[in-house]
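Numbering (this note's numbering), first residue to last: -3 to 122. Reviewing the structure listed below.
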């Protein structure tokens, strides 16, 4: 839904700043999701709203992330860097839900959402 706009933003603004804004937005939304879940205020509709907001942040972040690969590595290494980036992305897509399931089973949904929120901090700091 937002891919065209996010791509234009990635090409028009400083990609690092776009990623920082997107990651910070996703951190704030994830903290709110954690709080709503911990306080037992979560409903199917609020969960859908939080999911929409987090995915909107992801849609804003992804084009800048992908385009920044070419800014970071030398031109002759771009194909290998893109392959490595794709491998890392797909690895997290397959391993992340398993880790989330373990956290939910051990400590509950709020803990899994909190772990997700904490994961954004490292990306923002670096």
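Glycine included, C-beta positions come from ideal geometry on N, C-alpha and C. Note that this is a predicted model, so its numbers are computed, not measured.
With distance defined between alpha-carbon atoms, name the residue in 30, 18, 91, 8 nearest to residue 112. Working through the chain shown from its first residue, we reach residue 112 at position 116. The residue with the shortest Cα to Cα distance from residue 112 is 30.
Can you check whether the CB of residue 52 is closer than 9 Å to the CB of residue -2? Counted from its first residue, the chain shown places residue -2 at position 2. Counted from its first residue, the chain shown places residue 52 at position 56. Result yes, Cβ atoms of residue -2 and residue 52 sit closer than 9 Å.
Between which two residues does the alpha helix (DSSP H) holding residue 0 run? Taking the chain shown and counting its residues from 1, the one referred to as residue 0 is at position 4. Start and end: -1 to 8.
Using only CA atoms, which one of 6, 22, 1, 2 lies nearest to residue 118? Translated into positions along the chain shown, residue 118 becomes position 122. Nearest option by C-alpha distance: 22.
Taking only the alpha-carbon atoms, compute the straight-line gap between residue 92 and residue 71 and give it to the nearest angstrom. For the purposes of this step, residue 92 is identified with residue 96 of the chain shown, where counting begins at 1. For the purposes of this step, residue 71 is identified with residue 75 of the chain shown, where counting begins at 1. If I take the Cα positions, the gap works out to 31 Å.
What does the Cβ neighbour count give for residue 11, buried or exposed, with the cut at 16 atoms within 10 Å? Taking the chain shown and counting its residues from 1, the one referred to as residue 11 is at position 15. Per the 10 Å Cβ criterion, buried.
Can you tell me the Cβ-Cβ gap for residue 18 and residue 81, rounded? I've got them flagged as a contact below 8 Å. Looking up residue 18 in the chain shown gives position 22. Looking up residue 81 in the chain shown gives position 85. 17 Å between Cβ atoms; not a contact.
Give the range of the alpha helix (DSSP H) segment to which residue 12 is assigned. The residue given as residue 12 occupies position 16 in the chain shown. Bounds of the alpha helix (DSSP H) holding residue 12 are 11 to 34.
Same chain, Cβ closer than 7 Å to residue 78, five either side skipped, listed in chain order: In the chain shown, residue 78 corresponds to position 82, counting from 1. Excluding positions up to five away in sequence, the list reads 65.
Less than 9 Å separating the beta-carbons of residue 2 and residue 40? One-based indexing of the chain shown puts residue 2 at position 6. One-based indexing of the chain shown puts residue 40 at position 44. It is not a contact, given that the beta carbons lie outside the stated cut-off.
Return the residue from the list 16, 101, 43 that minimises the CA-CA distance to residue 28. As a working note, residue 28 is residue 32 in the chain shown. Selected option, being the one with the closest Cα: 43.
Cα-Cα separation, residue 36 to residue 0: As a working mapping, residue 36 is identified with position 40 in the chain shown. As a working mapping, residue 0 is identified with position 4 in the chain shown. CA-to-CA, the gap between residue 36 and residue 0 works out to about 36 Å.
Count the other C-beta atoms from every protein chain shown that fall within 10 angstroms of the C-beta of residue 90, then say buried if there are 16 or more, exposed otherwise. Walking along the chain shown from the start, residue 90 turns up at place 94. So residue 90 counts as exposed.
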